[in-house]
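Numbering (my numbering), first residue to last: 308 to 365.
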């Protein structure tokens, strides 16, 4: 997968997860775990974006 497309997919995943967490009713423990996964996805998306902005892989 091309890096730019991967970055877009990562950001869409994070956005979708945040919207789902806000709209769906989950128990508190499940929400905590899911927010942790969203944080990991956001970190990956930021790292991928930074790599693209530095002109790394194209």
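Ideal Cβ positions, reconstructed from N, Cα and C, are used throughout, including at glycine.
Going straight from the alpha carbon of residue 344 to that of residue 309, what length do you get? Indexing the chain shown from 1 puts residue 344 at position 37. Indexing the chain shown from 1 puts residue 309 at position 2. When rounded, the separation of the alpha-carbon atoms in residue 344 and residue 309 is 23 Å.
My output table needs one value for residue 359: the three-state DSSP class, helix, strand or coil. By 1-based counting over the chain shown, the position of residue 359 is 52. DSSP places residue 359 in helix when its eight states are reduced to three.
Just confirm the distance between the C-beta atoms of residue 321 and residue 357, as a whole number of angstroms; I'd bet it's less than 8 Å. Taking the chain shown and counting its residues from 1, one reaches residue 321 at position 14. Taking the chain shown and counting its residues from 1, one reaches residue 357 at position 50. Going by Cβ atoms, the distance from residue 321 to residue 357 rounds to 15 Å, so no, they are not a contact pair.
Please classify residue 314: is it buried, with 16 or more other beta-carbons within 10 angstroms of its beta-carbon, or exposed? Start at 1 with the first residue of the chain shown, and residue 314 comes out as number 7. Under this definition residue 314 is a buried residue.
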